[in-house]
Amino acid sequence: MSSRFWTQGGGSDSEDEESEYGDGDIDNKAGDNANDAPSNPYLETNVTDSDESDGGKRVVRSAKDKRFDELSATVHQMKNAMNINDWVSLQECFDKINKQLEKVMRITESVKVPNLYIKALVMLEDFLGQALANKDAKKKMSSSNAKALNSMKQKLKKNNKQYEELINKERENPQPSEDEKSAEEESDDETASEVGSDIVPSGSDDDEDEVIDDEDDQTEEGWQKQMSKKDKLMDKQFMKDPSEISWDVVNKKFKEVVAARGRKGTGRFEQVEQLTFLTKVAKTPAQKLEIFFSVVSAQFDVNPGLNGHMPINVWKKCVQNMQVILDILVQYPNITVDDMVEPDENESQKGADYDGTIRVWGNLVAFLERIDTEFFKSLQCIDPHTREYIERLRDEPMFLVLAQNVQEYLERVQDFKAAAKVALRRVELIYYKPQEVYDAMRKLAEQTGEDGEGQEPKPEETRSPSACIAVPEIVPRKPTFSESSRTMMDILVSLIYKYGDERTKARAMLCDIYHHALLDEFSTSRDLLLMSHLQDNIQHMDISTQILYNRAMAQLGLCAFRLGLITEGHSCLSELYSGGRVKELLAQGVSQSRYHEKTPEQERLERRRQMPYHMHINPELLEAVHLICAMLLEVPNMAANTFDAKRRLISKTFRRLLEISERQTFTGPPENVRDHVMAATRALVKGDFQKAFDVINSLDVWKLLKNRANVLEMLKAKIKEEALRTYLFTFSSSYKTLSLEQVAMMFDLSEAQTHSIVSKMMINEELLASWDQPTRCIVFHDVAHSRLQTLAFQLTEKLAILAESNERATEARIGGGGLDLPQKRRDNQDFAAGGGNRWQDNNLSFSQRQGGGSGRTGYNSGGRQYGQAAGSGYSRDRTGQSRGTGQNTRYQDVAYAGSGRTGYQTAARGSQDSSSRMVNLHRGLRA
Amino acid sequence: MAANTMARSFLQVAATEEAAPPLRVVQIEGLVILKIIKHCKEFSPNLVTGQLLGLDVGSVLEVTNCFPFPQARVVEEDEEIEAEGANYQLEMMRCLREVNVDNNTVGWYQSTLMGAYQTDEVIQTFLNYQENIKRCVCIIYDPLKSNQGVLALKALKLSDSFMELYRSNNFTGEKLREKNLSWVDIFEEIPIKVSNSALISAFMTELEADTPVTQCDCDRLQLSTSPFLERNVEFLIECMDDLSADQQKFQYYYRNLSRQQAQQQAWLQKRRTENMARKAAGEEPLPEEDPSNPIFKPLPEPSRLDSYLITNQVSNYCNQINGVAGQSFSRLYLTKALHEN
């Protein structure tokens, strides 16, 4: 009833308000004008409770006014309730007023609570205090009333906490006349809230205090009012009188904008704009720097999600800002950037001529890394087959120059650790580029650099010529690249090795290995890999490093293949292919597992790890190389061991594929890489090297190779050789003698080559034959072993294993080296087997060095030494082929127990180990 | 009357058996041997078993009759088969008693391949028998070996000390050392004596051909020994694999054990320093044993039984190879001499 009445009455009120409001708007500059506003006649009548305004003419009121009316009506109601001490209705009113308040705040988009409300709160509190103090009255109260009183007490307490400060303020300077005050408050509210709404659109309740804090400074308020309308207005304001802007003003504004960061409804772009503007009016270089840091971090904020990337134009701006930061830093060497200590509030007040060091909060490396990450992410997200991707790639030099500048700066300030981190970022952008790509990038950088200097006259400088701090471009905007990518890598990597932490070093090492492999320097990169012992502890590293490791291994394998080192190539690649998840291991695509449904979370994680397209190692080439290596090793091996019960597999993957292809009833013409290699294998098994080569040659992945002709030539030679070996293994029993000439002709090899291949086989006792020099014939000795003999050999082998494990057990018992040491050492060898058979001797010597003082029995170390000596000679063949075939060899192995056994065991365990490593990674991927 | 005295003597035997002399000889009727051979050979690649019946007289175990167990037919429920087997046995014994044959079980026979009889099952069956009968033997017949002209018949029993250990089922290294039991001591071979009634002996002499050479002698001269050797070596290889696996099990155990001990030491050390500190502070020291701590839970030691049995088999194979090789050599020399002549 009454509320209705009051809304009606509100008509004139709103009218008045409006007019008053207009006044306020006009003489805003005076700021305090509102306080002197004539007391509203309506409001006076308001208290007298008269109907006189009822007849006032109706005006279309804005929703805002309506709300205010409601609010004041409720306040009045409360007053009435207080008069009759009716706590129940008071409680109802309180709830209502709170609800109304919310509405008011929403409509006015204000951050400040209307003073009317605060007033009411104060009033309520006082009344409550009285009521509580008056115990007799309390006792007399009806039960419902008392109950309401108690609940009111609690509610009020809770509610008032939010507005404590305002209430205190209100209490401190109570106005003589309540009505007048309320009027004035109201008007003040309006303006204040208006101001707030422009600067910080609709903050949540809790944040209000902060803003209000800012506002209690009167001058400040005036300034804010100037700023209140639009950013444009702000600009104008600053443009008009730059000299009037003081450090304080800028600082205040800066603080305020920063405080708004991350709040709901804060426009991210606007914030960036505001801050950018502030950089132009900054008073001291330190302040400018400080604001720039905020700009950069605000720019990082522009894209909130983890999956999306930063808009490219923002990214570019961000890079530019970083450059300016560096400019400032270089220009004013007394400014230091630090993120460890919270700097003094007014540190940035110190001018450019300040003597001591000025500390500014910020972390260049973190920013740089973030920029790099964003770049990487954008490449991940953009479809690689579009023009956009290429455009994006062109931005790389931009980042490189920034990284270079940051690194130089850091080196100058002796922060080598950070410099190493930056260097790593640079390395990671360079390592996968072959010289050609590198040259192209260099050219591009030079070009854009030239263009850029012409058309980039520092836009911010032109826009506000009166900028307080002019920062000349000091740091170069054009990247300098050394002539070859290798020298560049060397410089960066050596810096990292010197100063980097463990992870940085490991990553740099992997990049280094990758790059060496890219440049066909197999031995260098292999030595790096072995010396760094990365193989040992890669499982314990983070996933992205593991991916890098996998990439490096893949590249190493390709490199070995290009150089004709088939065994090495195979051992590098076989690990990758053993699990059938190459894509996942190289982060070049997400593999769909049939059995294991991934959670969206996992999938997102995995997606975030993907390599951008331009960094991919061509999977077809990789597969072709892996399968061809496997073929070249496995085909003669199969031919040699046809009748062996327990055949030794060199490549399980290859065997499986071969089985599948053999099971087919009809083999069509080869389509994919796998088919090609299988077709080649079938030809090679028959000794038809020409066909095998033709099939492989027809693969179109070869065009990806740099020196295609050489590689194919090498491949042809290898195929011939293996075809010859396969032929001899398969058909030697059908021959009594075979003339050298004939063999050479059959396989299109020179006689010298043929001679050397056959001799090698004889030496390795794979081929039981001898040369008849005068007739130039191979004379085959038909020494087929009986089954019993074969079995006897097997038995001896088993016995040898048993004996060794016995020995180890005894050793543990008598405490030779303890159980752990041999264990560790064996692990070491496992890696050697996993990494490459040829390297075994290498690692053996490692392990020997390690275990020098272990007190291992002489017998064993003797064996090891033998392994080393023999291994260096023809270890590849021994471990590769002869082992399974010639029983004599095996016998020999047993005789030289130590070496033979280790070789065998490592070979056996190598595969296990590798798989476990992959599994580890896999787990990590899943996790 | 005679039967009466017989019965009394049985009773007496039963009464005095408390201090029975150890089993010295297994005396087998020719009939039993023939029956066993027939049964085993007929099913040759398959392994068969049968029941031995007879009498236990002093240190001599007389085996007077036997009957084969039926082959377990196609896959049926295990329990069913068992029940059927038991029924068959009872039925068979009842029938035999009716025709006045000794129906006292004294053990069982089984065929084997290349002497691979040292298995866990044999030991278990033996113990099962042992529960009911004080003295029992297992007769093992190897039809393959018999092809080489020897009667490959063996009577075995488990040694007492082994049985004791097996019952308590702890084949840890310590216990074995305590008992001084090595792998040789699991099985005891008992000499077999073939006895025939005078009548049969006379009949056999009557039947004997004029030529002194029998089929057996011809078999013995057979020169191709390699299949037999091959089989042996194959089995040996298998054994080696088993042994290696066993070895690995032990290694694993010891590794774990040493790790656990290290942990225990570390824990104890910690506890001691803690106690020192407590003592210094005048508090009650904490106990040095903490049974609830998982590191004090003893690790189960793997049983040595398997490796013992494997070792037994290995030695068996080796003996066979030795024997065959030795004979082969003499045969080769013989033929060489013959050729020279």
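Chains A and B, in that order, are what the protein sequence lines are.
Quick note on numbering: the first sequence equals residues 14 to 940 in the numbering used here.
Quick note on numbering: the second sequence equals residues 379 to 719 in the numbering used here.
Heads up, the beta-carbon is just placed ideally off N, CA and C, and yes, glycines get one too.
Please read these numbers as outputs of a predicted model, since none were measured by experiment.
Close Cβ partners of W595(A) (< 6 Å) along its chain, the five nearest in sequence each way excluded: Here residue 595(A) refers to the residue found at position 582 of the first sequence. The residue asked about is misnamed: residue 595(A) is Val in this sequence, not Trp. Within the same chain, V595(A) has close Cβ partners L589.
Cutoff 6 Å; reference Q496(B); Cβ partners in own chain excluding five residues on either side: Sequence index remark: in the second sequence, residue 496(B) carries index 118 (1-based). Answer for Q496(B): L687, N690, Q691, listed in chain order.
Check whether T442(B) and V479(B) have beta carbons under 9 Å apart: In the second sequence, residue 442(B) corresponds to position 64, counting from 1. In the second sequence, residue 479(B) corresponds to position 101, counting from 1. Cβ atoms of T442(B) and V479(B): closer than 9 Å.
Beta-carbon proximity check, A6(A) vs A565(A), cutoff 9 Å: One cannot answer for residue 6(A) here, as it falls past the ends of chain A, which runs 14 to 940.
Classification of A576(B) by the beta-carbon crowding that lies within 10 angstroms, buried from 16 upward: Stepping through the second sequence from its first residue, residue 576(B) is reached at position 198. Burial call: exposed.
Alpha-carbon to alpha-carbon, L635(B) and L536(B): For the purposes of this step, residue 536(B) is taken as the residue at position 158 of the second sequence. For the purposes of this step, residue 635(B) is taken as the residue at position 257 of the second sequence. One C-alpha to the other measures close to 32 Å.
Any non-hydrogen atom of the ligand FAD closer than 8 Å to I325(A) Cβ: For the ligand FAD, the structure offers nothing, since it holds no ligand at all.
Endpoints, alpha helix (DSSP H) assigned at I558(A): Within the first sequence, the letter at position 545 stands for residue 558(A). Ile is not the amino acid found at residue 558(A); the sequence shown has Thr there. Run containing T558(A): 556-575, per the alpha helix (DSSP H) assignment.
Assigned exposure category for H794(A) - 16 Cβ within 10 Å defines buried: Walking along the first sequence from the start, residue 794(A) turns up at place 781. Exposed, since its Cβ has fewer than 16 Cβ neighbours within 10 Å.
C-beta neighbour in chain A for E608(B), strict 9 Å: As a working note, residue 608(B) is residue 230 in the second sequence. With 9 Å as the cut-off, E608(B) counts as an interface residue toward chain A.
Interface flag, T823(A) vs chain B, CB-CB below 9 Å: Translated into positions along the first sequence, residue 823(A) becomes position 810. No, no contact with chain B.
Where the beta strand (DSSP E) through T483(B) begins and ends: The count along the second sequence starts at 1 and reaches residue 483(B) at position 105. Run containing T483(B): 483-489, per the beta strand (DSSP E) assignment.
Distance between beta carbons of Y631(B) and P676(B), contact taken as under 8 Å: On the second sequence, position 298 is the one that residue 676(B) refers to. On the second sequence, position 253 is the one that residue 631(B) refers to. No, P676(B) and Y631(B) are not in contact; Cβ-Cβ is about 11 Å, not under 8 Å.
Reduced DSSP category for W444(B) - H, G, I as helix; E, B as strand; rest coil: In the second sequence, counting from the first residue as 1, residue 444(B) sits at position 66. Per the sequence presented here, residue 444(B) reads as Cys, with Trp not at that position. Note: C444(B) maps to strand in three-state DSSP.
Contact check, D378(A) vs V414(A), beta carbons under 9 Å: Taking the first residue of the first sequence as 1, we reach residue 378(A) at position 365. Taking the first residue of the first sequence as 1, we reach residue 414(A) at position 401. In the sequence on display, residue 378(A) carries Val and not Asp. No; because the gap between Cβ atoms is not below 9 Å, this pair is not in contact.
Which of helix, strand or coil DSSP assigns to F793(A): Here residue 793(A) refers to the residue found at position 780 when the first sequence is read from its first residue. Reduced to three states, the DSSP call for F793(A) is strand.
Extent of the continuous beta strand (DSSP E) to which R372(A) belongs: Position 359 of the first sequence, counted from the first residue, corresponds to residue 372(A). From DSSP, the beta strand (DSSP E) with R372(A) extends over 371-374.
Option nearest E556(B) by Cα separation, candidates V572(B), P569(B), S539(B), K571(B): Indexing the second sequence from 1 puts residue 556(B) at position 178. Nearest option by C-alpha distance: S539(B).
Residue burial classification, A765(A) (beta-carbon count within 10 angstroms, cutoff 16): Reading the first sequence from its first residue, position 752 is the one you call residue 765(A). Exposed is the call here.
Pairwise C-alpha distance: E382(A) and K729(A): Locating residue 729(A) in the first sequence gives position 716, where the first residue counts as 1. Locating residue 382(A) in the first sequence gives position 369, where the first residue counts as 1. C-alpha separation (whole angstroms): 47 Å.
Neighbour flag for Q807(A) against chain B, beta carbons, 9 Å: Residue mapping note: residue 807(A) aligns to position 794 of the first sequence, counting from 1. For Q807(A), the answer is yes, since a Cβ of chain B falls inside 9 Å of its Cβ.
Segment limits, beta strand (DSSP E) that includes L433(B): Residue 433(B) sits at position 55 when you count from the first residue of the second sequence. Run containing L433(B): 427-435, per the beta strand (DSSP E) assignment.
C-beta atoms of Q113(A) and L84(A) nearer than 9 Å: Taking the first sequence and counting its residues from 1, one reaches residue 113(A) at position 100. Taking the first sequence and counting its residues from 1, one reaches residue 84(A) at position 71. Cβ atoms of Q113(A) and L84(A): closer than 9 Å.
The segment 804-823 of chain A touching the segment 766-784 of chain A, judged by at least three CB pairs closer than 8 Å: no
One or two residues paired with I406(B) in a DSSP bridge: Along the second sequence, one-based indexing puts residue 406(B) at 28. Paired residue(s): V441(B), V572(B).
Cβ shell of P569(B) (< 8 Å), same chain only, five flanking positions each side left out: Here residue 569(B) refers to the residue found at position 191 when the second sequence is read from its first residue. These residues qualify, in order along the chain: R402, V403, V404, A533.
Alpha-carbon to alpha-carbon, R800(A) and Y626(A): The count along the first sequence starts at 1 and reaches residue 626(A) at position 613. The count along the first sequence starts at 1 and reaches residue 800(A) at position 787. For Y626(A) and R800(A), the distance between alpha carbons rounds to 56 Å.
For S536(A), three-class secondary structure by DSSP: For this step, residue 536(A) is matched to residue 523 along the first sequence. Three-state DSSP puts S536(A) in a helix.
Partners in chain B for K811(A), counting only beta-carbon separations shorter than 8 Å: Residue numbering aside, residue 811(A) sits at position 798 when the first sequence is read from its first letter. By Cβ distance, chain B contributes I615, M618, D619, S622.
Minimum Cβ-Cβ distance from L815(A) to chain B less than 9 Å: Translated into the one-based positions of the first sequence, residue 815(A) becomes position 802. Closer than 9 Å to some Cβ of chain B, the Cβ of L815(A) qualifies, so yes.
Bridge partners - Y3(A), DSSP secondary structure assignment: Not covered by the structure: residue 3(A). The range shown for chain A is 14 to 940.
Distance CB(A146(A))-CB(W100(A)) smaller than 9 Å: The count along the first sequence starts at 1 and reaches residue 146(A) at position 133. The count along the first sequence starts at 1 and reaches residue 100(A) at position 87. In this structure, W100(A) does not lie closer than 9 Å to A146(A) by Cβ.
As assigned by DSSP and simplified to three states, the class of L531(B): In the second sequence, the residue the question calls residue 531(B) occupies position 153. It is a strand residue.
C-alpha distance - E675(A) paired with K665(A), whole-angstrom precision: Within the first sequence, residue 675(A) is the residue found at index 662, counting from 1. Within the first sequence, residue 665(A) is the residue found at index 652, counting from 1. Near 15 Å, if we compare the C-alpha coordinates of K665(A) and E675(A).
Per DSSP, the bridge partner or partners of V515(B): Numbered from its first residue, the second sequence carries residue 515(B) at position 137. Paired residue(s): G485(B).
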